[in-house]
Amino acid sequence: MDKKMSILLFSGEYDKALAALLLANTARTMDIDTTIFFAFWGLCLVRDPEKFSTEDKSLYEKMFGVMTPKGPEGLPLSKMNFAGIGKKMMIEMMEDDDTPPLTAFLKGAVKKGVKFYGCKLSMEIMGLTPEEMISELEVKEAKDYLKDALESDIQLFV
Amino acid sequence: MDKKMSILLFSGEYDKALAALLLANTARTMDIDTTIFFAFWGLCLVRDPEKFSTEDKSLYEKMFGVMTPKGPEGLPLSKMNFAGIGKKMMIEMMEDDDTPPLTAFLKGAVKKGVKFYGCKLSMEIMGLTPEEMISELEVKEAKDYLKDALESDIQLFV
Amino acid sequence: MDKKMSILLFSGEYDKALAALLLANTARTMDIDTTIFFAFWGLCLVRDPEKFSTEDKSLYEKMFGVMTPKGPEGLPLSKMNFAGIGKKMMIEMMEDDDTPPLTAFLKGAVKKGVKFYGCKLSMEIMGLTPEEMISELEVKEAKDYLKDALESDIQLFV
């Protein structure tokens, strides 16, 4: 029987996104069917930095869009961010250990067949359009997440 | 066979509470039996704003009671709170999309039959009495949470 | 059939660590087989405060080691830390209720047979050596965590 893991990535932090992608990528090497459902701040990870648009957005949506991270490398650390110093340190330490940075983990997840779902309602609240996201992201509803989670052997809220 | 979801709401933030209630309410429309176990900061969501009392409390409990949010609308955002500006923006964006604010989600959850459990030990630590909480909250022990979680198909720590 | 719980402790905060240990200890009294997999900031909880070393570390690892909490009582609160005032208040309130502080919970977990796993990759990234951790910690890979989680009835990401 195939095993299945479902991660709900709510947080938009570098280290939490790293943990989620690391688990997802490891799971795929073990043939575990894996889905990440990106909701709220987690959506910042799957924004395409090249495709940011302010068209057809309310003032609030524009401000929100400008103020939130655009793509993986813009994410802050959940702790010790210190205006980016902590993150720079962590990235340097990761490079010492040949651990690839977040963007590489994200690309690895795509290549390994991790499914990427984006929460429709969160996207509407945050004023993000499907065109602004990476092309691998499928827009899905909370109901779809729950169906997927019910079938999973592991469910994590990150 | 009936499906079951168990959410442990530890966090006391507007956006995380929103995510938890959204999942709980959606689960109920899919006939999934749903429980939210409110612990630590999550208890702030189910305080009754009208029933705050300082009677029979230690100095620390009084201070804690005054300094922590009283009810759903007092909760801060987990990110970008900026002294409430980020939250105001999110609520405005939600109103643009006809998404009801947190209080409406909480009432919806009660109406839809989401079970509300309050962690006994957390309440004692934080100096909260059952009388200060919304009437739908049942005070339960960690053991009760674990029993409930063991029977659930989905368990999330939010 | 034996029941099983798997907690991934990612967070390095006093209150979240408390919640994780409380659940783990309660689970053990119910004969639930319990594992805590310490990753990233969660590793701060299982550092041995007496064994901190800067030998054979890069400059970044040394700085990181100095700047992060060493052992349970150094952990900050996830909210209302206010340079430690909030935590002091919480500990005072816990003492009023005869709730033991975090170190006691940690020792209790060891005594009750909660298994302690430390994430190998996180330790490498953060520059922590097995010698700097409490002796009960077994160093494990993400794959081991996933195997354990797949067999568990409850999985929580804290």
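Protein chains in written order, with this note's numbering: chain D, 3 to 160; chain C, 3 to 160; chain R, 3 to 160. For every residue, glycine included, the Cβ atom is placed at its ideal position computed from N, Cα and C. Here the structure is a predicted model, which means the values were calculated and not measured.
Query - Range of the contiguous beta strand (DSSP E) that encloses residue 142 (chain D) - result: Along the first sequence, one-based indexing puts residue 142 (chain D) at 140. 140-142 is the span of the beta strand (DSSP E), which, as asked, contains residue 142 (chain D).
Query raised in the report: Counting pairs of beta carbons, one from the stretch 18-27 of chain D and one from the stretch 8-21 of chain C, are three or more of them closer than 8 Å?
Result: No, the stretch 18-27 of chain D is not in contact with the stretch 8-21 of chain C.
Query raised in the report: Given residue 30 (chain D), which residues of its chain have a CB within under 7 Å of its CB, disregarding the five upstream and five downstream residues?
Result: What you label residue 30 (chain D) is simply residue 28 of the first sequence in a count that begins at 1. Cβ within range, chain order: 36, 114, 115, 116.
Query raised in the report: What separation, rounded to the nearest whole angstrom, lies between the Cα atoms of residue 73 (chain D) and residue 156 (chain D)?
Result: Locating residue 73 (chain D) in the first sequence gives position 71, counting from the first residue. Locating residue 156 (chain D) in the first sequence gives position 154, counting from the first residue. Residue 73 (chain D) and residue 156 (chain D): Cα-Cα distance of roughly 27 Å.
Query raised in the report: When the Cα of residue 88 (chain R) is compared with those of R:109, R:15, R:4, which residue comes out closest?
Result: Indexing the third sequence from 1 puts residue 88 (chain R) at position 86. Of the candidates R:109, R:15, R:4, the one whose C-alpha sits nearest the C-alpha of residue 88 (chain R) is R:15.
Query raised in the report: Taking Cβ positions only, does residue 21 (chain C) come closer than 9 Å to chain R?
Result: The residue labelled residue 21 (chain C) in the question sits at position 19 within the second sequence. It does not; no Cβ of chain R falls within 9 Å.
Query - Option nearest residue 67 (chain D) by Cα separation, candidates D:75, D:93, D:79, D:49 - result: Numbered from its first residue, the first sequence carries residue 67 (chain D) at position 65. Per the Cα distances, D:49.
Query raised in the report: Are the CB atoms of residue 142 (chain R) and residue 120 (chain R) nearer to each other than 9 Å?
Result: What you label residue 142 (chain R) is simply residue 140 of the third sequence in a count that begins at 1. What you label residue 120 (chain R) is simply residue 118 of the third sequence in a count that begins at 1. Taking the C-beta atoms as reference points, residue 120 (chain R) is found nearer than 9 Å to residue 142 (chain R).
Query - Proximity winner among C:65, C:28, C:79, C:64, relative to residue 47 (chain C) (alpha-carbon distances) - result: In the second sequence, the residue the question calls residue 47 (chain C) occupies position 45. Ranking C:65, C:28, C:79, C:64 by Cα distance to residue 47 (chain C) puts C:79 first.
Query raised in the report: Roughly how many angstroms separate the alpha carbons of residue 6 (chain D) and residue 34 (chain D), rounded to a whole number?
Result: Taking the first sequence and counting its residues from 1, the one referred to as residue 6 (chain D) is at position 4. Taking the first sequence and counting its residues from 1, the one referred to as residue 34 (chain D) is at position 32. Rounded to the nearest angstrom, the two C-alpha atoms are 5 Å apart.
**Report entry** Same chain, Cβ closer than 6 Å to residue 71 (chain R), five either side skipped, listed in chain order
**Finding:** Counting from 1 along the third sequence, the entry for residue 71 (chain R) is found at position 69. Leaving aside the five residues that flank residue 71 (chain R) on each side, the residues in its chain whose CB is nearer than 6 Å to its CB run, in chain order, 46, 77.
Query raised in the report: Based on the DSSP output, what are the partners of residue 6 (chain C) in its beta bridges?
Result: Working through the second sequence from its first residue, we reach residue 6 (chain C) at position 4. Per DSSP, the beta bridge partners of residue 6 (chain C) are C:35.
Query - Three-state secondary structure assigned by DSSP to residue 127 (chain C) - result: Working through the second sequence from its first residue, we reach residue 127 (chain C) at position 125. Of the three classes helix, strand and coil, the one that applies to residue 127 (chain C) here is helix, per DSSP.
Query raised in the report: In three-state terms, what does DSSP make of residue 113 (chain D)?
Result: The residue you call residue 113 (chain D) lines up with position 111 of the first sequence. The answer is helix: DSSP assigns residue 113 (chain D) an H, G or I state.
**Report entry** C-beta neighbour in chain R for residue 166 (chain C), strict 9 Å
**Finding:** As displayed, chain C neither begins before 3 nor continues past 160, which places residue 166 (chain C) out of reach and without an answer.
Query raised in the report: Using 8 Å as the threshold, is the stretch 134-148 of chain D in touch with the stretch 125-145 of chain C, meaning 3 or more CB pairs across them?
Result: Between the stretch 134-148 of chain D and the stretch 125-145 of chain C, the count of C-beta pairs closer than 8 Å stays below three; the two stretches do not touch.
Query raised in the report: Shortest alpha-carbon distance to residue 81 (chain R) belongs to which of R:17, R:38, R:149, R:75?
Result: Indexing the third sequence from 1 puts residue 81 (chain R) at position 79. Selection R:17, R:38, R:149, R:75 evaluated against residue 81 (chain R) yields R:17 as nearest (Cα-Cα).
Query - Beta-ladder partner(s) of residue 156 (chain R), from DSSP - result: As a working note, residue 156 (chain R) is residue 154 in the third sequence. Answer is R:7.
Query raised in the report: Which partner residues of residue 30 (chain C) appear in the DSSP bridge assignment?
Result: As a position in the second sequence, residue 30 (chain C) is number 28, starting the count at 1. Residue 30 (chain C) pairs with nothing; no bridge assigned.
Requested in this report: Go ahead and pull the three-state DSSP assignment for residue 118 (chain C).
Outcome: The count along the second sequence starts at 1 and reaches residue 118 (chain C) at position 116. Strand, per DSSP.
Requested in this report: Below 8 Å on the Cβ atoms is my guess for residue 118 (chain C) versus residue 40 (chain C); work out the distance and round it to an integer in Å.
Outcome: Within the second sequence, residue 118 (chain C) is the residue found at index 116, counting from 1. Within the second sequence, residue 40 (chain C) is the residue found at index 38, counting from 1. With a Cβ gap of about 7 Å, residue 118 (chain C) and residue 40 (chain C) count as contacting.
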